[in-house]
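The sequence shown begins at -7 in this note's numbering and counts up by one. Written out below as structure tokens is the structure these notes cover.
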Amino acid sequence: MKPKLSEIYWPLRVAYGLVPLLAGLDKYVNVLADWQRYVSPLAASLLPVSVPTFLHAIGIVEVIVGLSVLLGLTRLGALAAMAWLAVISLDLLAGGFIDIAIRDLVMAVGAYTLTMVAAERGEALVPNVARGAEQLARG
-7 MKPKLSEIYW
3 PLRVAYGLVP
13 LLAGLDKYVN
23 VLADWQRYVS
33 PLAASLLPVS
43 VPTFLHAIGI
53 VEVIVGLSVL
63 LGLTRLGALA
73 AMAWLAVISL
83 DLLAGGFIDI
93 AIRDLVMAVG
103 AYTLTMVAAE
113 RGEALVPNVA
123 RGAEQLARG
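Below is the structure:
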């Protein structure tokens, strides 16, 4: 493990853990934003459920992603955050929120950076699976 990477790793891990967690929880209380406003008409027309129901499901996904990053599945959670932010950016572009879409694409790059820093620190993609495989290999 490279200790100097901690200066990069921990701020990214805390940010990419707390932000999805809080945004996911906010899908139920709408204190931070009126989330329905950001669902493009195109996306809303393709949904098999109402926009509020969809956002509640999204909130669960975001909470899981945030907890993954915070609780040790950092690489996997950050990859999920990266993909999720890219999808959100596409929806925001479709809805005409170009400035926010660009911000979310930059955040996706940050999530990718967290994935790469965690890998450089020697973290497995899925830590428990990696440890289990090592134990099996040792006999």
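Where is the CB? At the ideal position from N, CA and C, for every residue including glycine.
Neighbour-count burial assignment, Met108, 16 or more Cβ in a 10 Å radius
exposed
Does Ser60 pass the burial test, meaning 16 or more other C-beta atoms within 10 Å, or should it be called exposed?
buried
Would you give the residue range spanned by the alpha helix (DSSP H) that Glu115 belongs to?
Note, Glu115: premise wrong, no alpha helix (DSSP H); not H, not E.
So, for Val43: in the same chain, excluding its five sequence neighbours on each side, which residues have a beta-carbon less than 7 angstroms away from its beta-carbon?
Gln28, Val31 and Ala36
Sufficient close CB pairs (3 or more, under 8 angstroms) joining the segment 112 to 120 to the segment 75 to 82
no
Where the alpha helix (DSSP H) through Tyr8 begins and ends
Ser(-2) to Val21
Going by beta-carbon coordinates alone, are Thr105 and Leu4 separated by less than 8 angstroms?
yes
Whole angstroms are fine: how far does the CA of Ser81 sit from the CA of Asp96?
6 angstroms
Closest by CA to Ala93, which one among Ala100, Met99 and Leu84?
Leu84
Is Tyr1 near Gly51, with beta carbons less than 8 angstroms apart?
no
Classify Val57 as buried or exposed, calling it buried when 16 or more other Cβ atoms lie within 10 Å of its own Cβ.
buried
Excluding the 5 residues flanking Arg67 on each side, which residues of the same chain have their C-beta closer than 7 angstroms to its C-beta?
Thr107, Ala110, Ala111, Glu115 and Leu117
State the Cα-Cα distance for the pair Glu(-1) and Leu38, rounded to the nearest angstrom.
42 angstroms
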